[in-house]
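Down below is the structure, laid out as structure tokens.
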Amino acid sequence: MSTSIATHDHAHAHEQPSPGTPEYDAQPLLLHQFADRGQQKLSSILAMWAFLATEVMFFGGLILAFIIYRALYHKDFVDAARHLSIAWGGFNTVVLLGSSLTMAMAVRASQLGERKQLVRYLIMTMGLGTIFLGVKGIEWTTDYKHHLVPGFNFHWEGPPGGAHHDSPAAAEVAAAPADPLETPGLVNPETEADYNKEYARADNGQRAQMFFVLYFFMTGLHGIHMIIGIGVVGVMCWLSWRGWMSGCGATQIEVTGLYWHFVDIVWVFLYPLLYLINIHYP
Amino acid sequence: MNTTEAHDQHIMSVRANLMVFGILLGLMALTVLMALIDLGPLGVPVAMAIATAKAVLILLYFMHVKFSNPLVWLFSAAAFVWLFVLVSITLCDYLSRDWLTILGK
């Protein structure tokens, strides 16, 4: 079975089981273009990390947009975020962290060659991911009922519990009817008083709508990644159960784990940005 | 470690996995508590710091970066370097034109 380009030195040879033994079969198959299994695994892991770097930029663009708009429309964003349920978001965070744990345990099982345990942990990971999506569905349905979906039925009536104004003068300006032809935008006011006046102007809920545009895009994109992740984990689960991958598929499971943990990290940032930062008025 | 190895044969114990999970849950509780207290302009940096701590834990332990080849460290760090460049230079642009009035408002 040795190739004509057998450059790996024989100092390694005594560590490797000889072909034909069960120990040899339990190892991952070494494809001919790689010098050794370490290099083979490293190339798979680096490839997934390169992809994850692009994903960081994908979400990063939306997060940057959120940062800019939050700074511009700070009060409206707090009003808008008050419609979100911190409890559901917190529950979802715990569910996702748990799914990361079960995924890490699945990777561990694949490294130890324990197939039954591996399949069990992959199923648990899928289950927790599905619970996350279910809760997201509940949240989105609630938002739909409260007329908070931009483009569909958005109708802004202020934060739950009534509007908050910095001062009586601001309340007066906000109460003035909004000119439907004039949209608020970036302003360069000369003084702070001008800024406050401009900002307090009523706007038919367009600033708050911006929050929900970003909210639905960020959580929607994250949800799409979750659905894909659950699908991939499902495929890996099926293949592991059938024993299709050599060496218990340690590399394949680890690479799947990298994707899953990344989706969890994105949510770890999304939860405080969307739900928690907006409890107190700045 | 051999430069072509993906990582050393370190397999995390069940206890280590559970401990990392426990710390993650603790940080999650901490971030909710911190959000309930009115920290003023410190609110955002504190929340982001806790979220970063959670992300670093997941990166190092669950994603095995801690036990990995230096090339893996480089790739994972590079991802966040570019994100940092995106956010910081854009904010520099906005702030230098005084298009945002973030702090203290």
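As given, the protein sequences belong to chains A and B, one line each in that order.
When you read off a place in the first sequence, starting at 1, and then add 53, the result is the number in the numbering used here.
When you read off a place in the second sequence, starting at 1, and then add 1, the result is the number in the numbering used here.
For every residue, glycine included, the Cβ atom is placed at its ideal position computed from N, Cα and C.
As the structure is a computational prediction, the values presented were derived from the model and not from experiment.
Within 9 Å of any Cβ in chain A, is that where the Cβ of residue i sits?
{"i": "B:Phe22", "result": "yes"}
{"i": "B:Phe63", "result": "yes"}
{"i": "B:Lys67", "result": "no"}
{"i": "B:Ser77", "result": "yes"}
{"i": "B:Lys106", "result": "For B:Lys106, the pLDDT reaches just 39, beneath the cut-off of 50, and the residue's location in the model is therefore unreliable, although a value from the coordinates is still provided. True, the Cβ-Cβ gap to chain A drops below 9 Å."}
My output table needs one value for residue i: the three-state DSSP class, helix, strand or coil.
{"i": "B:Ser14", "result": "coil"}
{"i": "A:Ser71", "result": "coil"}
{"i": "A:Gly204", "result": "coil"}
{"i": "B:Arg98", "result": "coil"}
{"i": "A:Ser87", "result": "In the sequence on display, residue 87 of chain A carries Phe and not Ser. In the structure shown, A:Phe87 sits in coil (DSSP, three-state: anything other than H, G, I, E or B)."}
{"i": "A:Leu239", "result": "Reliability fails at A:Leu239, whose pLDDT of 46 lies under 50, so the model's placement of it is uncertain and the value that follows must be treated cautiously. Here A:Leu239 sits in coil by DSSP."}
{"i": "A:Glu210", "result": "coil"}
{"i": "A:Gln164", "result": "helix"}
{"i": "B:Tyr62", "result": "helix"}
{"i": "B:Ile51", "result": "helix"}
{"i": "A:His136", "result": "coil"}
{"i": "A:Met156", "result": "helix"}
{"i": "B:Ala116", "result": "The question about residue 116 of chain B has no answer here: the residues shown for chain B are numbered 2 through 106."}
{"i": "A:Tyr126", "result": "coil"}
{"i": "B:Leu84", "result": "helix"}
{"i": "A:Ala106", "result": "helix"}
{"i": "A:Met101", "result": "helix"}
{"i": "A:His65", "result": "For A:His65, the pLDDT reaches just 47, beneath the cut-off of 50, and the residue's location in the model is therefore unreliable, although a value from the coordinates is still provided. Three-state result, A:His65: coil."}
Closer than 9 Å, CB to CB, is residue i near chain B or not?
{"i": "A:Gln164", "result": "yes"}
{"i": "A:Ser138", "result": "no"}
{"i": "A:Phe315", "result": "yes"}
{"i": "A:Arg135", "result": "no"}
{"i": "A:Met179", "result": "no"}
{"i": "A:Leu99", "result": "yes"}
{"i": "A:Ser153", "result": "yes"}
{"i": "A:Ile283", "result": "no"}
{"i": "A:Met110", "result": "yes"}
{"i": "A:Arg161", "result": "yes"}
{"i": "A:Gly214", "result": "no"}
{"i": "A:Pro325", "result": "yes"}
{"i": "A:Val321", "result": "yes"}
{"i": "A:Leu171", "result": "no"}
{"i": "A:Met279", "result": "no"}
{"i": "A:Ala261", "result": "no"}
{"i": "A:Ile116", "result": "yes"}
{"i": "A:Pro70", "result": "no"}
{"i": "A:Leu186", "result": "no"}
{"i": "A:Ile346", "result": "Nothing about residue 346 of chain A can be reported from this structure: the residues present for chain A run from 54 to 335 only."}
{"i": "A:Ile306", "result": "no"}
{"i": "A:Thr146", "result": "yes"}
{"i": "A:Trp102", "result": "yes"}
{"i": "A:Gly113", "result": "yes"}
{"i": "A:Leu267", "result": "no"}
{"i": "A:Thr236", "result": "The predicted model places A:Thr236 with a pLDDT of 49, which falls under 50 and marks its position as unreliable, so this point remains unresolved."}
Taking only the alpha-carbon atoms, compute the straight-line gap between residue i and residue j and give it to the nearest angstrom.
{"i": "B:Leu40", "j": "A:Thr194", "result": "32 Å"}
{"i": "A:Gly190", "j": "A:Arg168", "result": "33 Å"}
{"i": "A:Asp132", "j": "B:Tyr62", "result": "38 Å"}
{"i": "B:Met20", "j": "A:Trp294", "result": "29 Å"}
{"i": "B:Ile22", "j": "B:Ala36", "result": "What sits at residue 22 of chain B in the sequence shown is Phe, not Ile. One C-alpha to the other measures close to 21 Å."}
{"i": "B:Thr91", "j": "A:Ala124", "result": "13 Å"}
{"i": "A:Gly302", "j": "A:His127", "result": "49 Å"}
{"i": "B:Val57", "j": "B:Ala50", "result": "10 Å"}
{"i": "B:Ala54", "j": "A:Ser71", "result": "45 Å"}
{"i": "A:Leu267", "j": "A:Leu117", "result": "11 Å"}
{"i": "B:Pro42", "j": "A:Ile121", "result": "16 Å"}
{"i": "A:Glu108", "j": "A:Met156", "result": "20 Å"}
{"i": "A:Gln80", "j": "A:Gln93", "result": "13 Å"}
{"i": "A:Leu239", "j": "B:Asp99", "result": "Low confidence applies to A:Leu239: its pLDDT is 46, below 50, so where it sits in the model is not reliable, and the reading given next is rough at best. Taking the straight line joining both Cα atoms gives about 11 Å."}
{"i": "A:Met263", "j": "A:Glu192", "result": "18 Å"}
{"i": "A:Phe104", "j": "A:Tyr197", "result": "34 Å"}
{"i": "B:Ala52", "j": "A:Val285", "result": "26 Å"}
{"i": "A:Ile330", "j": "A:His208", "result": "23 Å"}
{"i": "B:His65", "j": "A:Val308", "result": "11 Å"}
{"i": "A:Gly142", "j": "A:Gln164", "result": "33 Å"}
{"i": "A:Gly296", "j": "A:Met289", "result": "10 Å"}
{"i": "A:Ser97", "j": "B:Pro71", "result": "15 Å"}
{"i": "B:Leu38", "j": "A:Arg135", "result": "The identity of residue 38 of chain B in the sequence shown is Ile, whereas the question assumes Leu. For B:Ile38 and A:Arg135, the distance between alpha carbons rounds to 16 Å."}
{"i": "B:Leu46", "j": "B:Met29", "result": "Checking the sequence shown, residue 46 of chain B turns out to be Pro, not Leu. Their backbone Cα atoms lie some 15 Å apart in a straight line."}
{"i": "A:Ala159", "j": "B:Ala48", "result": "30 Å"}
{"i": "A:Leu137", "j": "A:Thr183", "result": "21 Å"}
{"i": "A:Met110", "j": "A:Gly282", "result": "18 Å"}
{"i": "B:Leu84", "j": "A:Ala88", "result": "34 Å"}
So the alpha helix (DSSP H) residue i belongs to, where does it begin and stop?
{"i": "A:Trp294", "result": "Gln259 to Trp294"}
{"i": "A:Ile318", "result": "Ala303 to Tyr324"}
{"i": "A:Tyr174", "result": "Arg168 to Lys198"}
{"i": "B:Asp39", "result": "Run containing B:Asp39: none; DSSP gives neither H nor E here."}
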